[in-house]
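Peer 1: Numbering (full-length UniProt numbering), first residue to last: 1 to 240.
Provided herewith is a single structure, encoded as C-alpha cells, for subsequent inquiry.
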Amino acid sequence: MAPAPKHSPAEQEKLILNAAIEVIEQTNLLDFSMSAIAKLAGLSMGSVYKFVQCKEDVLIALATNMYQQRHSTYKQVLSLPLSTPQRIIAMSLLSCAKVQMYSFDDQLESIVNTNAMMKRCSPRWVDHMVNCGKVCESTFKSFIKQAADSGELVSIDHDIDEIDISTWSMMIGYFQVVRIHENWQINQLPAEGESCGALSPDHIHIRNMQRLLNTFDWREKLTKESILVTCQCLEESGLR
Numbered sequence: 001m002a003p004a005p006k007h008s009p010a011e012q013e014k015l016i017l018n019a020a021i022e023v024i025e026q027t028n029l030l031d032f033s034m035s036a037i038a039k040l041a042g043l044s045m046g047s048v049y050k051f052v053q054c055k056e057d058v059l060i061a062l063a064t065n066m067y068q069q070r071h072s073t074y075k076q077v078l079s080l081p082l083s084t085p086q087r088i089i090a091m092s093l094l095s096c097a098k099v100q101m102y103s104f105d106d107q108l109e110s111i112v113n114t115n116a117m118m119k120r121c122s123p124r125w126v127d128h129m130v131n132c133g134k135v136c137e138s139t140f141k142s143f144i145k146q147a148a149d150s151g152e153l154v155s156i157d158h159d160i161d162e163i164d165i166s167t168w169s170m171m172i173g174y175f176q177v178v179r180i181h182e183n184w185q186i187n188q189l190p191a192e193g194e195s196c197g198a199l200s201p202d203h204i205h206i207r208n209m210q211r212l213l214n215t216f217d218w219r220e221k222l223t224k225e226s227i228l229v230t231c232q233c234l235e236e237s238g239l240r
C-alpha cells in the first residue's frame, strides 16, 4: 500500500502559492522558476505540476487570490451605514494597504490581464480568475440595483450599467496613470514593501469621482461634508 500523502491537496496548493510569493519577491514576476517554488515548498516537481502546469498558471492563481481579497474588502465597504454614493466613493477613499495582498500587486495585475497570458495558462486557472471577476461585477451591479429599487437612485435601467462601468473605469484608470507616472519618475517610487496610503478628501481623483456620481439622479448628492463623513466611517471601521 502506498504511503498516505504528507499534505492534503488544499495544503499542497497553499504551500505552492506561498512559496511562489516568496520566490517572486526574491526575483521578479518574469524570472522566477518552477523548480525554486518546488524546493521552497518542500514538494516534488510532480506534486507542483498537479496544481500549476506552467509559470502562467502560478501568476493567474496568485491574481485570483488577490482579486478575492479585494472583493472581500469591497463587500465590507459596500455594507457600511452610508448612502449609496458615499459607499461608492468610499472604495477610492479606503487605505490602499487594505486591498494590497503582495508587494507586486500592480505589476501582477498588468501582466495577467493580457491576451497572451490567457492563451498560455491552463483553462482551469483562467476560469477561476474570470469567475472571480464576474462575482465582483455581479456584487457591485446588485448593489446599484438595490439603490434603484429603494428609490435612492431615481434611475432608468441603463443608469445602472453606466454607474457600474464609469466608476470602475475611473478608479482603475486613475491608478494606472499613477503607476505610469511612477515609472517615469522611478526615483520617487516607495521603498520595497511600502504600501500607499489613502487619498485625501480633496484629492483630484475624489473630486472627479464626486462630479461623476453627482451627474446621476440620487436622492442625496455627494457634498464635501458627506465625503468627510465617509472618511470618518472608514477610519472607525479600520479601513482608512
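Note that beta-carbon positions come from the ideal geometry of N, C-alpha and C, so glycine has one too.
Can you grab the Cα-Cα spacing for the pair Val48 / Leu108, in whole Å?
Peer 2: 21 Å
Peer 1: Going straight from the alpha carbon of Leu189 to that of Leu153, what length do you get?
Peer 2: Note that Leu189 scores a pLDDT of 46, beneath 50, so its modelled location is shaky; the value from the coordinates is reported in the next line. So the two alpha carbons sit approximately 40 Å from each other.
Peer 1: Mind the definition here: the segment 39 to 54 touches the segment 13 to 21 only if three or more C-beta pairs lie below 8 Å; say whether that holds.
Peer 2: Between the segment 39 to 54 and the segment 13 to 21 there are three or more inter-stretch CB-CB distances shorter than 8 Å, so the stretches are counted as touching.
Peer 1: Decide yes or no for the touch test of the segment 101 to 119 against the segment 57 to 72: beta carbon pairs closer than 8 Å, at least 3 of them.
Peer 2: Result yes; three or more Cβ-Cβ pairs closer than 8 Å.
Peer 1: Inspect the beta-carbon positions of Gln86 and Ile227 and report whether they are closer than 9 Å.
Peer 2: Their beta carbons are under 9 Å apart, which means Gln86 touches Ile227 by this criterion.
Peer 1: Where does Leu80 sit, in a helix, a strand or coil, going by DSSP?
Peer 2: coil
Peer 1: Looking at Leu213: is its Cβ nearer than 9 Å to the Cβ of Ile37?
Peer 2: no
Peer 1: I need the straight-line Cα distance from Ala63 to Val112, nearest angstrom please.
Peer 2: C-alpha separation (whole angstroms): 7 Å.
Peer 1: By DSSP, does Gln69 sit in helix, in strand, or in coil?
Peer 2: In the structure shown, Gln69 sits in a helix (DSSP, three-state: H, G or I).
Peer 1: Near Cys121, which residues of its chain fall below 7 Å by C-beta distance, leaving aside the five closest residues on each side in sequence?
Peer 2: Non-local beta-carbon contacts of Cys121 in its own chain, meaning distances under 7 Å to residues more than five positions away in sequence, involve Cys54, Glu56, Asp57 and Ile60 in chain order.
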